[in-house]
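Engineer: If you read the protein sequences in the order shown, they are chains A and B. Numbering that gives the first Met the number 0 numbers the first residue of the first sequence as 0 and each following residue consecutively. Numbering that gives the first Met the number 0 numbers the first residue of the second sequence as 0 and each following residue consecutively. For each residue, glycine too, the CB sits at the ideal point set by N, CA and C.
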Amino acid sequence: MYHSYWDWNVGKKIIADLSQWRKTFEWVEEPYVSPDGETIAAIVKPEDLKFSVCANGELWENYFDKIWYLRFKPNNSLVALVSKDSRWTVAVAGQTWENGYDFVWDTRFSKDGKRITVAAVNENKYFAVTDGSPWEQTYPSLSNLTVSDDGRNAAAVVQSILFNSGEIFKFQQGCYTAAVNGKAWGTNFLNIWDMSFSPDGQHLAAEVRKTLYDYTIVVDGQPWDKNFLSVWKPKFNPKDGSVTAPVKVRGGWALARNGEIFWDERFLQLWHHQYSADGKNIAAIVAPRFGQWTIAVNGRPWPVTFNNLVTDLVVSPDGRRIACAAKSDGQWYIAADGQCWDNGFDMVWAPVFSPDSRHIAVKVEKDGRFFVVIDGNPLKMDFTAAWDPIFSPDSEKIMIKGIGCDGNESQYCRHILNLYD
Amino acid sequence: MTKQSPANIATIPDEGIDKGGQRLTTDQITRVISRHLEEEGGARLKIYMETCVHCGLCSDACHFYLSNDHDPKFSPAGKVKQALAPIIRKKGRVSVDFIKKASEIAFTECNLCRRCVMYCPFGINIAYLMLFIRRICHKLGVVPQYIQDTAHSHSATMNQMWVKEDEWIDTLHWQEDEARDEIENLRIPLEKEGADIFYSVIGPEPKFRAQLIYQAAVIMNAAGMDWTMPATSGWDNSDMCMYTGDEEMVARLKKVHFEAAMRLKTKRIVMGECGHAFRSVHDVGNRYLGWKMSPLSVIHAIEFYYELFRDRKLRVRQKYSIPVTLHDPCNVVRGGGLHELARYVIHETCSRFVEMHPNREHNYCCGAGGGVINCGPPYTKKRESSSKVKADQLADAMARGAKVIIAPCHNCHSGLEDTVKHYGLDMEIKFLGDIIYECIYK
Chain A
0 MYHSYWDWNV GKKIIADLSQ WRKTFEWVEE PYVSPDGETI AAIVKPEDLK
50 FSVCANGELW ENYFDKIWYL RFKPNNSLVA LVSKDSRWTV AVAGQTWENG
100 YDFVWDTRFS KDGKRITVAA VNENKYFAVT DGSPWEQTYP SLSNLTVSDD
150 GRNAAAVVQS ILFNSGEIFK FQQGCYTAAV NGKAWGTNFL NIWDMSFSPD
200 GQHLAAEVRK TLYDYTIVVD GQPWDKNFLS VWKPKFNPKD GSVTAPVKVR
250 GGWALARNGE IFWDERFLQL WHHQYSADGK NIAAIVAPRF GQWTIAVNGR
300 PWPVTFNNLV TDLVVSPDGR RIACAAKSDG QWYIAADGQC WDNGFDMVWA
350 PVFSPDSRHI AVKVEKDGRF FVVIDGNPLK MDFTAAWDPI FSPDSEKIMI
400 KGIGCDGNES QYCRHILNLY D
Chain B
0 MTKQSPANIA TIPDEGIDKG GQRLTTDQIT RVISRHLEEE GGARLKIYME
50 TCVHCGLCSD ACHFYLSNDH DPKFSPAGKV KQALAPIIRK KGRVSVDFIK
100 KASEIAFTEC NLCRRCVMYC PFGINIAYLM LFIRRICHKL GVVPQYIQDT
150 AHSHSATMNQ MWVKEDEWID TLHWQEDEAR DEIENLRIPL EKEGADIFYS
200 VIGPEPKFRA QLIYQAAVIM NAAGMDWTMP ATSGWDNSDM CMYTGDEEMV
250 ARLKKVHFEA AMRLKTKRIV MGECGHAFRS VHDVGNRYLG WKMSPLSVIH
300 AIEFYYELFR DRKLRVRQKY SIPVTLHDPC NVVRGGGLHE LARYVIHETC
350 SRFVEMHPNR EHNYCCGAGG GVINCGPPYT KKRESSSKVK ADQLADAMAR
400 GAKVIIAPCH NCHSGLEDTV KHYGLDMEIK FLGDIIYECI YK
């Protein structure tokens, strides 16, 4: 990735003072910060009925009638969905794609940030657009846009057969399919929901309902032999290409692989499973009992449970460690390696592992202030707003990005800290 | 075929029931029901069915019974006797015509309002039993057409009105633009991660009542709330699958709803003025998924408005002067205990309040809830004639001066509109949000 090119010199860098923006513009939306921490940007209104983006105090050259979904790509460039004269398109660093559409939404980036895909519609015809190139095929509806890791392949759930309102029996024959790069699978289903590409982007798996009662997983248009009472999102094993998915069977939820039950254990709930990079370990969020939530690794649940929820399951780069956000009795916690860290918070974001997997950092919120917790210990820095921390490629340093440190409540700074000081 | 009496034959043509029934055989019915009784007909069903002593106390609690000349076939126990008891007694060996009639009873002659539960000496939950029948009808594919279509919409779009992803976002943009004509720089914040409040609504709001989103935005803005709405699925908190018996879809819908709020790292979900959605999010769907309570704090608009006035976040410019009465929606009052909070909000915003009688948890159902109105035009007349007791209750409130009915629930709104029109009552129906929007400093 790009991390090694970033400035990892220890110290604080003042990037922008947002109080100046608020004096300059009557409208300043919530800011976004680039992954490298070098840029902070927000949608602003420089003129009456005209919007633009302010990045580090500099305005985009172009003004628009409307702007929404401002986000940084993983490679630090700034993207927004923009409208001028009722035509919508994508603007990258202020420069729009050549073509405009009736509407665009659901921005997706490739992992390296080089490719952008959005859903689009023109005259009630739906399609996806990657880097300005629309699909050749269009559909009466499109949802659940999904892109491969490299961003070269895009898929979506599309309507393949038209039906009128109230035609319930026609609907039940199956009127939806998936389209990959515009081309529809030959098979139709009652419903298709969440989909996953294989790591190489060559295969697509999806959760489907074949009848009102029969759920299964479909890979490249081919359903598994077996049906289930319900299913959740499938995932590809990164090494052997097999597909696993949580499936509901009599007795509870289990993990299935290529249509066969794979984990012997049954859970009251099982979802959001993740693979280690080597494909050898699988972790999932599970409820071993009603109202008790935890993580199961290779089918074995952690001893610690939470009575509200578990979310944001993250697997370490070496595949040996698992961390998650959890909530019990109304308080948010961080749990890692089967243990809950001590402090409770008002909100916890997704844990971030260091590249060597030794450290975990997490953005948290308490009493309206934002902090970063590293390996269970809160840093003695608090912010009015903060973004996810990032470790340096050598795992020796950490970047903390926040507004309002050191007494200046409107100053955005990036801080590089040495982990071992 | 089992011989049927005329009373056991469905009387109202409905493609969902008629065509669905045509695909069935008695053997198939027996097989599906037997399996269902074995898998889902546990102790609760057995206790309820064996405890009822047919005392009839539930009858006078039911607006269907009261509105239909005390016809015993509309009494709660009578409906169970007609539609469920033979299924259990015959271990599922019932005819196609029986299933069609059972579907009509369970879907269109009970609002699942649970008023009868309060009057049953044993607390038998008739709504549970009616839902048990509906679940059987779902598994047999004999569900009224209109509500089945809505369930299909839920499955295909994750909302009940076939609203496409872009149409939802576009509606929010449109309402934001409209609102800015009134309040400069008003914003409907989309996808704002870390906002305090995740505001969710039901499908008909963007489709038919977009002004409610406008009004909510004005109220949020006036109160200085940090809020957001998702640009993804999960914005619709409603759930007609809960009423068609498609529990697997209920779980999927609630997962999408809660996970949208979790993804945006919001601290609590504030729901618009809908009753059945509150039941689904707060009580039913969360539990299908394995959550004992809601994983995130969930509050209905009534409680939210109460908080805003209690904490002096909203200031009343001028109280609403037209006399109002309050219809207590079943799902947020009997099901959620919000009746006093609703009255608090009314006293804050209205200068004259007329109680309707009975009220609070004893209030009569609007006649629309429980998915009954969603069964569509074939049943409108039956629904209207079965709301006579409601009309009498409203007329009494009107005679004592009430001109406006506040109904903080979408289904109640629609049902009361039909009742008011059918019985010629000169009353207007409003949401609490309508009143607040009209009264506050913006």
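How do the segment 160-177 of chain B and the segment 189-203 of chain A stand: do at least 3 beta-carbon pairs fall below 8 Å, yes or no?
Structural biologist: With the cut-off at 8 Å, the segment 160-177 of chain B and the segment 189-203 of chain A do not touch.
Engineer: With a CB to CB cut of under 7 Å and the five nearest residues on each side skipped, what residues in its chain are close to B:P203?
Structural biologist: M160 and H409
Engineer: If we define contact as Cβ-Cβ less than 7 Å, is A:A286 a contact residue for chain B?
Structural biologist: yes
Engineer: In the DSSP output, which residue or residues are listed as bridge partners for A:Q94?
Structural biologist: A:V91
Engineer: Starting from the Cα of A:N163, find the closest Cα among B:M157, B:S152 and B:D165 and give me that residue.
Structural biologist: It is B:S152 whose Cα lies nearest to the Cα of A:N163.
Engineer: From the DSSP secondary-structure annotation, give me the bridge partner or partners of B:D235.
Structural biologist: B:V200
Engineer: According to DSSP, what are the bridge partners of B:H299?
Structural biologist: B:M270
Engineer: Is it buried or exposed for A:L399, if we count other Cβ within 10 angstroms and need 16 for buried?
Structural biologist: According to the sequence provided, residue 399 of chain A is Ile. The question's Leu does not apply to it. By the 10 Å Cβ count, A:I399 comes out buried.
Engineer: Quick check on B:W226: does DSSP put it in helix, strand or coil?
Structural biologist: In the structure shown, B:W226 sits in a strand (DSSP, three-state: E or B).
Engineer: Does any CB atom of chain B fall closer than 7 Å to the CB of A:G401?
Structural biologist: no
Engineer: Residues in the same chain with beta-carbon distance under 6 Å from A:P377, minus the five sequence neighbours each way, listed in chain order, please.
Structural biologist: Sequence-distant partners of A:P377 (beyond 5 residues in either direction) whose C-beta falls short of 6 Å from its own C-beta, in its chain, are F370.
Engineer: For the segment 288-308 of chain B, which residues have a beta carbon sitting closer than 9 Å to at least one beta carbon of chain A?
Structural biologist: Residues of the segment 288-308 of chain B whose Cβ lies closer than 9 Å to any Cβ of chain A, in chain order: L288, G289, W290, K291, M292, S293, P294, L295 and S296.
Engineer: What does the alpha-carbon distance come out to for the pair A:R477 and A:G131?
Structural biologist: Lying before the first or after the last residue shown, residue 477 of chain A is absent from chain A, which here runs from 0 to 420.
Engineer: For B:S102, which residues in the same chain have their Cβ closer than 6 Å to its Cβ, ignoring the five residues on either side in sequence?
Structural biologist: Cβ neighbours of B:S102 beyond the five flanking positions: I16, C136 and V141.
Engineer: At 7 Å on the CB atoms, spell out the chain B contacts of A:L254, in chain order.
Structural biologist: Near A:L254 there are no residues of chain B at all, since even the closest Cβ is about 16 Å away, more than 7 Å.
Engineer: Taking only the alpha-carbon atoms, compute the straight-line gap between A:E25 and B:E272 and give it to the nearest angstrom.
Structural biologist: 33 Å
Engineer: Roughly how many angstroms separate the alpha carbons of B:Q3 and B:F97, rounded to a whole number?
Structural biologist: Confidence is the limiting factor: at B:Q3 the pLDDT is only 40, short of 50, which leaves the residue's position unreliable, though a coordinate-based value still follows. Counting only the Cα atoms, B:F97 lies some 8 Å from B:Q3.
Engineer: Please state whether the Cβ-Cβ distance between B:A60 and B:Y127 is less than 7 Å.
Structural biologist: no
Engineer: Please determine, among B:S154, B:F352 and B:T107, the residue with the shortest C-alpha to C-alpha distance to B:G233.
Structural biologist: B:S154
Engineer: Any beta carbon of chain A sitting closer than 7 Å to that of B:L252?
Structural biologist: no
Engineer: Any Cβ of chain A within less than 7 Å of the Cβ of B:K264?
Structural biologist: True, the Cβ-Cβ gap to chain A drops below 7 Å.
Engineer: What did DSSP end up calling A:T304 once you bin it into helix, strand or coil?
Structural biologist: coil
Engineer: DSSP three-state call for B:G77: helix, strand or coil?
Structural biologist: helix
Engineer: Among residues of its own chain, excluding the 5 on either side of A:R256, which ones have a beta-carbon nearer than 6 Å to its beta-carbon?
Structural biologist: Closer than 6 Å at the Cβ level, and outside the excluded window around A:R256, lie S241 and T243.
Engineer: Around the Cβ of B:H442, are there at least 16 other Cβ atoms within 10 angstroms (buried) or fewer (exposed)?
Structural biologist: Residue 442 of chain B is absent from the structure shown; chain B starts at 0 and stops at 441.
Engineer: Going along the segment 298-316 of chain A in order, which residues come within less than 8 Å of chain B, judged by CB to CB distance?
Structural biologist: N306, N307, L308 and T310
Engineer: Buried or exposed: A:G446, going by 16 or more other Cβ atoms within 10 Å of its Cβ?
Structural biologist: With chain A covering 0 to 420 only, the question about residue 446 of chain A has no answer from this structure.
Engineer: Could you run through the segment 175-192 of chain A and flag, in chain order, every residue whose CB is less than 8 Å away from some CB of chain B?
Structural biologist: Y175, L189, N190 and W192
Engineer: So what does DSSP say about B:N330, is it helix, strand or coil?
Structural biologist: helix
Engineer: What are the start and end residues of each continuous beta strand (DSSP E) run of 3 or more residues lying completely inside the segment 127-162 of chain A, in chain order?
Structural biologist: 141-146 and 153-158
Engineer: Excluding the five sequence neighbours on either side, which residues of its own chain have a C-beta within less than 6 Å of the C-beta of B:A390, listed in chain order?
Structural biologist: T418 and Y422
Engineer: For the ligand ADP, is there any heavy atom lying closer than 6 Å to the beta carbon of A:W192?
Structural biologist: Because no ligand of any kind appears in the structure shown, any question about the ligand ADP cannot be addressed here.
Engineer: Check whether the Cβ of A:G165 lies closer than 7 Å to any Cβ atom in chain B.
Structural biologist: yes
Engineer: Taking any Cβ of chain B, which residues in the segment 83-114 of chain A have a Cβ under 9 Å from it, in chain order?
Structural biologist: D101, F102, V103, W104 and D105
Engineer: Using a Cβ-Cβ cut-off of 7 Å, state whether A:V157 counts as contacting chain B.
Structural biologist: no
Engineer: Could you tell me which chain B residues have their CB closer than 8 Å to the CB of A:G290, listed as they occur along the chain?
Structural biologist: G289, W290, K291 and M292
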